[in-house]
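Since the structure comes first, as structure tokens, the remarks are kept for the end.
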Amino acid sequence: MQIIELRDALPRVFAGREPVPSQVWQCQLRLERGKHYLIVAESGTGKSSMCSYIYGYRRDYSGTITFDGADIGTLTVPQWCEVRRTGIAYLPQEMRLFGELTALENVQLKNRLTNHKSEEEILGLFARLGLADKVHTPAARLSIGQQQRVAIVRTLCQQADFFLLDEPVSHLDETNNAIVAQLFTAEADRQGAAIIVTSVGNHLLLDYDEELRL
Amino acid sequence: MHSLLWKLLRKNISLVQLIGFGIANLVGLTIVILVVQFYRDVQPVFGDEESFIRKDYLVITRSVTSVGAMMGTPSEFSEADIADIEAQPWCRQVGRFTSSEFSIYATVGLGNSGRSMYSQFFFEAIPTDFIDVTDAEWEFSPSQPEVPVIVSRDYLSLYNFGFAATQGLPRISEGQVNSIPLSFTLTGNGRSEALPGHIVGFSNRLNTVIVPEQFMQWANERYGNGGHRQPLRLIVEVNSPGDVKIDQYMVEHHYEVAGDKAQAGKASYFLTVVTTIVVAVGVVISLLSFFVLMLSIYLLLQKNTQRLRDLLLLGYSPAQVSRPYKLMVLAVNGVVLVLAVVAMLVARAAYRPMLEALQIPPASVWIAIAIGTAIIALITTGNIIAIHRKVKALWIQES
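Those protein sequence lines, which keep their order, are chains A and B.
Residue 236 is where the first sequence starts when you use the numbering used here, and the numbers rise one by one after that.
Residue 108 is where the second sequence starts when you use the numbering used here, and the numbers rise one by one after that.
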């Protein structure tokens, strides 16, 4: 997948409201493979909605979203599964870890589907993010910041053309922020992938090609 | 099975509900297949053929009452009576017994002993369709008058075990009967002629002496007084001889049914009715248990909705995340089927000796097992389709 485009897209709940200046909604937005995008938003401007539309699990928008020119509304369930395994790596804001599984199991649940990283590589990532001693701890017993790092490792465990990161460092300190930025840059560069980051304040510390206002 | 998936998805599985379903379905299914098997095992008692498709015949007459006889109530069946019987739903066809309208004497030569028996006799005729002796030479030609007769098998038994045994006469097998010289002297209409005859077969169904209709027509014209008489007896082919409606009809019209065919038929009919009722109860129990499992699964999917959605977001397909539940249903239903078959075989082993004492050959168990498998397959398919739909419905997560 090379290009994701949003054409006049707008969450249905926004229809009829005063138009707010946005570089995403009701615009022609083109996101290209290989570039880094920062989408800066205020709370309630539809940041997570945008991610859910692009990731295909919500359809309550007007306008069109396309992958390489094809309307994503026409994708079948198997095609979406393929997109989620090899096209878009998504880090949801709410992380969506399984509390009863350990940190490692949460990552393995994804990695077994994609076979993207060896267990050694995964443990290496945990170590980089200061979670070496939390590998076998159930996710429910981790702090929110630790959970965010586990979710980051999970997001890295797949082939992707686009890394879609919804507030990836909202609960992390600057040190970890920098590590996360390095990890994603390295992975994206290796794959030639784009990184799309949303943020309400605490930005992921990357060199961005484009900064957009939602 | 993907162990991590199972670790996640087995959450909220209610063992109590599963066992509840298992027991309920086991009871229902066991009832169904056991009753089917029992029905098949005891069916031979009531006839060689399946009673559902068995043709059966009733011979009916008007009740003879002393009052009726004095009042001159007719003992014949009128055309209207016959038409009415033919119009009944349980009636397939009606045959008329034609009686001989002349006097008959039969002479039987008893081998080389030189002795012969001489007796007043009677003939009746019915349409060939109703005769249960199929391979007989059942023809009569006036140019070479020889009379083929079919007699009730009871008559042969009566002769062999009653008469021959006490009179020192030889017993006769069915095969020998054909060779016994018979002679019939027919008298009436100013004529008296002797015709040769022979017994061509024995009937289980007809308790009389039957000659071909062709012969009867010819003989009644030749020796009879010309008066056309309505039949005194009718043979009726019915769908199910034990049908209570037949009974009611006979009582209402003061008809009598000959023989115990109706009794055996009635027993068979009741067996069928009872079987149907019990099978229906079993099916209802199975059906209810199916809904219990369905509700249990819905509840489970409801409780695990968030987990399932999160798995779909990771890239798992609806088929992958629903597979553990489908396998679970398959396993539970499989166990239920195996247990039900075992229960059926155990129960059968308990009642078989009773049937063996009656020398009833065992029926195959495969039909009952196939029915059980079909029911389980149906229930499993229903469950799996429901799971599939429910999981697929989780795909889009509207805000």
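Built from N, CA and C at the ideal position, the CB exists for glycine as well.
Close-in-space but distant-in-sequence residues of the same chain around residue i (CB under 6 angstroms, 5 per side omitted)
i: A/Asn412; result: Val404 and Leu440
i: B/Tyr146; result: Thr382
i: A/Ser287; result: Arg293
i: A/His534; result: Lying outside 236 to 449, the shown extent of chain A, residue 534 of chain A is not represented and no answer is given.
i: B/Gly216; result: Ser223 and Pro288
i: B/Ala475; result: Ile140, Val143 and Gln144
i: B/Arg260; result: Phe309 and Asn311
i: B/Leu465; result: none
Residue i in three-state terms, based on DSSP
i: A/His371; result: coil
i: A/Pro313; result: helix
i: B/Met224; result: strand
i: A/Gln237; result: coil
i: A/Ser434; result: strand
i: A/Ser287; result: helix
i: A/Arg268; result: coil
i: B/Ser299; result: strand
i: A/Pro246; result: strand
i: B/His305; result: strand
i: A/Tyr443; result: coil
i: B/Phe247; result: coil
i: A/Phe333; result: coil
i: B/Leu406; result: helix
i: B/Ile503; result: coil
i: B/Val166; result: strand
i: A/Arg448; result: strand
i: B/Glu231; result: strand
i: B/Val254; result: strand
i: A/Gly298; result: strand
i: A/Gln258; result: coil
i: B/Ile160; result: With a pLDDT of 39 at B/Ile160, under the threshold of 50, the modelled position of that residue is not reliable, and the figure given next carries that caveat. Residue state, collapsed to three classes: coil.
i: B/Ile140; result: helix
i: B/Leu276; result: coil
i: B/Gln150; result: helix
i: A/Leu326; result: strand
Through-space distance from residue j to residue i, alpha-carbon basis
i: B/Pro181; j: B/Tyr458; result: 51 angstroms
i: B/Pro431; j: A/Thr337; result: 20 angstroms
i: A/Asn437; j: A/Ile431; result: 14 angstroms
i: B/His314; j: B/Arg336; result: His is not the amino acid found at residue 314 of chain B; the sequence shown has Asn there. So the alpha carbons of these two residues sit roughly 21 angstroms apart.
i: A/Ala429; j: A/Asp368; result: 31 angstroms
i: B/Gln413; j: B/Val149; result: 55 angstroms
i: B/Arg222; j: B/Pro303; result: 17 angstroms
i: B/Leu394; j: B/Leu446; result: 18 angstroms
i: B/Tyr405; j: A/Leu273; result: 42 angstroms
i: B/Ser471; j: B/Val316; result: 40 angstroms
i: B/Glu231; j: B/Phe270; result: 24 angstroms
i: A/Val312; j: B/Leu501; result: 12 angstroms
i: A/Ile456; j: A/Ile300; result: Only positions 236 to 449 of chain A appear in the structure, and residue 456 of chain A is not among them; the question remains open.
i: A/Gln258; j: B/Gln504; result: 26 angstroms
i: B/Asp236; j: B/Ser290; result: 27 angstroms
i: B/Leu115; j: B/Val428; result: 10 angstroms
i: B/Val509; j: B/Ala450; result: There is simply no residue 509 of chain B to check, as chain B begins at 108 and stops at 506 in what is shown.
i: A/Phe397; j: B/Thr480; result: 50 angstroms
i: B/Thr214; j: B/Val343; result: 32 angstroms
i: B/Lys252; j: B/Glu363; result: It is worth fixing the name first, because residue 252 of chain B is Pro in this sequence and not Lys. Taking the straight line from one Cα to the other gives about 36 angstroms.
i: A/Ile238; j: A/Gly269; result: 10 angstroms
Residues of its chain near residue i, where Cβ-Cβ distance is below 8 angstroms and the 5 sequence neighbours each way are ignored
i: A/Val349; result: The displayed chain sequence assigns Thr, not Val, to residue 349 of chain A. Contacts found: Arg320, Thr321, Cys392, Gln393 and Gln394.
i: B/Asn440; result: Asn132, Ile483, Ile486, Thr487 and Asn490
i: B/Met401; result: Gly489, Asn490 and Ala493
Where residue i falls, given that 16 or more other Cβ within 10 Å makes a residue buried
i: B/Glu193; result: exposed
i: B/Trp473; result: exposed
i: B/Gly422; result: buried
i: A/Tyr290; result: buried
i: A/Thr433; result: buried
i: B/Tyr225; result: exposed
i: B/Phe268; result: exposed
i: A/Arg425; result: exposed
i: B/Ile306; result: buried
i: A/Ala244; result: buried
i: B/Asn411; result: buried
Cβ-based neighbour list, residue i, same chain, cut-off 7 angstroms, excluding 5 preceding and 5 following
i: B/Gly127; result: Val399
i: B/His361; result: Arg169 and Ser170
i: B/Pro196; result: none
i: B/Cys198; result: Ile192, Val343 and Val345
Going residue by residue through the segment 180-218 of chain B, where are the continuous alpha helix (DSSP H) segments of at least 4 residues, counting only ones entirely within it?
DSSP runs (the alpha helix (DSSP H)) wholly in the segment 180-218 of chain B: 186-193.
Whole runs of the beta strand (DSSP E) within the segment 317-400 of chain B, excluding any shorter than 3 residues:
340-345 and 362-364
Which whole runs of the beta strand (DSSP E) in the segment 379-428 of chain A are 3 residues long or more, in chain order?
397-401
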